[in-house]
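Working notes for the structure below.
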Ligand SMILES: Cc1cc2nc3c(=O)[nH]c(=O)nc-3n(C[C@H](O)[C@H](O)[C@H](O)COP(=O)(O)OP(=O)(O)OC[C@H]3O[C@@H](n4cnc5c(N)ncnc54)[C@H](O)[C@@H]3O)c2cc1C
């Protein structure tokens, strides 16, 4: 019997598999397709991402560095309100490559990572979990002391363990043009109901255009308007779900959720790569597969670390729905240099942000 069966090898699952294997646990990780595919993510992350990677990762995965964002209340021709940092705020990276790199690190640590293994059922017993899967050689069954549900926004593990759903699943779409663009600003358009559209320069890898909005919104129509506004041809369209609002509970007696399965995302951007891996580290530190009561410590640890930032992120997102004249006023008043960490909205009260605000007052 394994110590942990990890379902899904995205950033959260790969990170947990690696850390648990490094701690000497017997880990098997099942991925339904090929690791990293299909792509449904911008790979726009804070530079903290490099603290989770191994040797040579930055050279292989880095595409562009970003200092700030230009906010627009309308399309590309509308006024831009820049928010920026003096140092690099974030990186744009090869997301498919990131997943493969993280899975390789898990393998090197000793985890048994199996691609083309789709989990079809999870049953939680008194002293073990039983997982059924369909693999290249047909159906099979595995037993483990615990199951880690890292299987993304529409998590099958979450459903099987009867854990609550996230509050909301946004629908995100992406497409790429082949313009070479090394600019160090992304553009954010507050044109999609309750969320936004974006343009991300990816260096030699072209430019990405994207948009996310809640169900019921005509995402394709809003996306076409964005593309038409930029007067550009795009290809490689893809889409995915973004869970918002963590459920009240992400643990059971022998199971726990990580990453998008647990809606460990930033409500004001939808970003979840760093939060998922951060939560995976909390789980690897706290959970002992021989002591199911340790799951409560994981539940506490990730919430203590991320929940306040998620709550503040929800408030920031509300500003996307304010009437346009108020948005213009607010963006005009607040734009300029900032000292906020992109993963940590609570850093709005950090000394670095307050210093940046004060220096602006002197300039004005
Ligand atoms: C359009 C869009 C843009 C985004 N842009 C960004 C961004 O710029 N920055 C950022 O930080 N985040 C971004 N995100 C969010 C980010 O992609 C997720 O937060 C992140 O992928 C979550 O990682 P995860 O490991 O929890 O889940 P996932 O990456 O979804 O991995 C889950 C894995 O589980 C596998 N799986 C699912 N079901 C099964 C099963 N039954 N059996 C076996 N395997 C299974 C899947 O194939 C997948 O590989 C974006 C999301 C979308 C939709």
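In our numbering, the protein residues as written are 2 to 365.
In this text, a Cβ means the ideal position worked out from N, Cα and C, and glycines have one as well.
Quick caveat: nothing in here was measured; it's all calculated off a predicted structure.
Span of the beta strand (DSSP E) around residue i
i           : result
residue 243 : 236-245
residue 216 : No beta strand (DSSP E) holds residue 216; DSSP gives it neither H nor E.
residue 199 : 198-202
residue 83  : 82-85
Heavy atom of ligand 1 within 8 Å of residue i beta-carbon
i           : result
residue 134 : yes
residue 142 : no
residue 31  : yes
residue 43  : yes
residue 157 : yes
residue 265 : yes
residue 270 : yes
residue 26  : no
residue 118 : yes
residue 276 : yes
residue 292 : no
Buried or exposed (CB count within 10 angstroms, at least 16 for buried), residue i
i           : result
residue 199 : buried
residue 146 : buried
residue 327 : exposed
residue 312 : exposed
residue 31  : buried
residue 80  : exposed
Identified DSSP bridge partners for residue i
i           : result
residue 345 : 342
residue 142 : 133
residue 78  : Its beta-bridge partners do not exist; DSSP assigns none.
residue 178 : 208
residue 256 : 148
residue 171 : 243
residue 292 : 289
Residue span of the alpha helix (DSSP H) that contains residue i, given as start and end
i           : result
residue 12  : 12-23
residue 113 : From DSSP, residue 113 is part of no alpha helix (DSSP H) but of the beta strand (DSSP E) over 113-115.
residue 64  : Per DSSP, residue 64 belongs to no alpha helix (DSSP H); it is in the beta strand (DSSP E), 63-67.
Any C-beta of chain B under 9 Å from that of residue i
i           : result
residue 342 : The structure shown has no chain B; it contains just one protein chain.
When the Cβ atoms of the stretch 209-226 are set against those of the stretch 287-307, are three or more pairs found closer than 8 Å? no
With three or more C-beta pairs closer than 8 Å as the rule, is the stretch 25-39 touching the stretch 82-98? yes
Would you call the stretch 312-325 in contact with the stretch 266-286, where contact means no fewer than 3 C-beta pairs closer than 8 Å? yes
Would you check if the stretch 102-114 and the stretch 81-89 touch, i.e. whether three or more CB-CB distances between them fall below 8 Å? no
Does the stretch 107-122 come within contact of the stretch 228-239, defined as at least 3 CB pairs closer than 8 Å? no
Stretch-stretch touch, CB-based, cutoff 8 Å, three pairs: the stretch 240-254 with the stretch 179-194: no
Answer yes if the stretch 141-161 comes into contact with the stretch 56-64, meaning at least three C-beta pairs across the two stretches below 8 Å, and no otherwise. no
Are the stretch 9-16 and the stretch 148-167 in contact at 8 Å, needing three or more beta carbon pairs? yes
Is it the case that the stretch 298-307 contacts the stretch 274-283, given that we only count it when at least three CB pairs across the two stretches are under 8 Å? yes
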